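*Asks:* I have a structure I would like to understand better, so I am pasting it below and will then ask my questions one at a time.
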Amino acid sequence: MTAPTRRLVIRRLATVGLAVLLTLLAVADLEGQRRRGRGGGGFGDDLAAYQEYNTPYTGEFTFVRLYYRGGWGWNPGWSHDWPVAERNFAEIMDALTTIGPRRGGGNVLAMDDPDLFKFPVAYLSEPGGWTMNEVEAENLGNYLRKGGFLIIDDMGGMRDLNRTRVGLNMLLPGLVLVRLDDSHPIFDSFFHLERENIEMPHPYRGGVASYWGVFEDNDPEGRLMVIVNHDNDIGDYMEWSDRGFIPIALSNEAYKLGVNYVVYALTH
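Numbering-wise (the working numbering), the sequence shown opens with residue 2 and increments by one.
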């Protein structure tokens with residue numbers, strides 16, 4: 002199946018604009034948002050407390066957020082924007098594609114959880130605080146080698162980028178992190194995104210976003226296994242897209258990136 006054909010399989014012809022869809026999120030499950038909080042669930046480092054909201058595997062596309070130890074206080078970095086970002090993102094994907102995501106949230110999994118292999122895409126927030134032991138690194142690395150896709154988000158500055166390199170080298174020894182430009186197919190897998198679309202600012206750190214990737218066998222023409230949003234935080238844009246605190250135009254671009262990542266992962 003050609004790439005354009007794969008895109009048509011999952012693209013839904015929608016007459017409603019993405020900006021209009023963002024306004025609909027403001028009335029979706031507000032009670033659930035109040036009950037479960039914003040900006041991180043407030044369960045600290047208690048993985049089991051987050052996992053009480055997980056759902057069993059059903060074959061639906063389910064957003065998976067990766068847990069790591071070493072966060073801080075009630076709002077560790079890996080949990081930032083949980084569960085609202087994934088809830089809002091699922092609403093957008095459901096409206097614009099035929100992927101049929103699980104709506105209402107996502108699952109939180111440890112990096113050494115064997116269930117990770119049931120889900121094609123995983124999301125890691127704040128890699129500046131990312132920690133792993135050998136078992137976790139081996140499991141997550143095997144997940145990526147066997148076809149999984151990792152999104153690394155909410156980071157800025159050289160410290161975070163270098164820390165990300167260290168973590169990725171543990172997962173995939175010998176594979177290098179390379180900078181991507183808007184010519185890469187991931188920026189044209191569903192929405193056609195150009196330089197002016199992807200060079201957005203981090204929502205609270207400033208700077209101009211750049212995108213980095215790890216390729217299977219270090220082949221830039223091959224499968225992209227990992228994408229890193231440097232000086233960006235699409236999770237934050239998704240979380241607050243229904244509250245009026247950030248420009249809708251930037252939330253639009255964040256959702257477009259997220260949809261493109263999922264579509265690329267499902268078709269490569």
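Glycine included, C-beta positions come from ideal geometry on N, C-alpha and C. Just so we're clear, the structure is a prediction, and the values are computed from it rather than from any experiment.
Could you give the DSSP three-state label for P102: helix, strand or coil?
*Replies:* P102 falls in the strand class under three-state DSSP.
*Asks:* Excluding the five sequence neighbours on either side, which residues of its own chain have a C-beta within less than 8 Å of the C-beta of V177, listed in chain order?
*Replies:* Cβ neighbours of V177 beyond the five flanking positions: V215 and N219.
*Asks:* Name the residue from Y262, L172 and R88 whose alpha carbon lies nearest to the alpha carbon of F191.
*Replies:* The shortest Cα separation from F191 among Y262, L172 and R88 belongs to Y262.
*Asks:* Where does R13 land, buried or exposed, given buried means 16+ other C-beta within 10 angstroms?
*Replies:* Any reading at R13 is ruled out, since the residue's pLDDT is 47, under 50, leaving its predicted position unreliable.
*Asks:* Out of A111, G245 and I152, point me to the one whose CA is closest to M133's CA.
*Replies:* When only C-alpha atoms are compared, the closest one is A111.
*Asks:* Cutting at 7 Å between CB atoms, please list the residues of its own chain near Y69, excluding the five before and the five after it.
*Replies:* If we look at Y69 and ignore the five residues flanking it on each side, its Cβ neighbours are W79, M112, W131, T132 and M133.
*Asks:* Which runs of the alpha helix (DSSP H) fall wholly inside the segment 125 to 210 and span at least 4 residues, in chain order?
*Replies:* As far as the segment 125 to 210 is concerned, its whole alpha helix (DSSP H) runs of at least 4 residues are 135 to 146, 158 to 172 and 196 to 199.
*Asks:* Looking at the structure shown, is W83 part of a helix, part of a strand, or coil, going by DSSP?
*Replies:* Looking at W83 - three-state DSSP - the assignment turns out to be coil, as it is neither helix nor strand.
*Asks:* Who are the Cβ neighbours of A138 in its own chain at under 7 Å, not counting the five residues just before and after it?
*Replies:* Excluding residues within five positions, the ones whose Cβ falls inside 7 Å are M171 and L172.
*Asks:* I'd like the list of long-range same chain contacts for R206, defined as Cβ closer than 6 Å, with 5 residues on each side in sequence excluded.
*Replies:* Same-chain partners within the cutoff: G157.
*Asks:* Excluding five sequence neighbours on each side, which residues of the same chain lie with their C-beta closer than 6 Å to the C-beta of G259?
*Replies:* Cβ neighbours of G259 beyond the five flanking positions: F90 and I235.
*Asks:* DSSP state of I228, grouped into three classes?
*Replies:* If DSSP states are grouped into helix, strand and coil, I228 belongs with the strands.
*Asks:* Report yes if the CB atom of L145 is closer than 9 Å to the CB atom of V227, and no otherwise.
*Replies:* Their beta carbons are under 9 Å apart, which means L145 touches V227 by this criterion.
*Asks:* Count the other CB atoms within 10 Å of the CB of R196; is the residue buried (16 or more) or exposed (fewer)?
*Replies:* Exposed, because fewer than 16 other Cβ atoms sit within 10 Å of the Cβ of R196.
*Asks:* Quick one: is G107 buried, meaning 16 or more other Cβ sit within 10 Å of its Cβ, or exposed?
*Replies:* Buried, by the Cβ-count rule.
*Asks:* Any idea if M159 is buried or exposed, counting beta-carbon neighbours within 10 angstroms, 16 or more meaning buried?
*Replies:* Exposed, by the Cβ-count rule.
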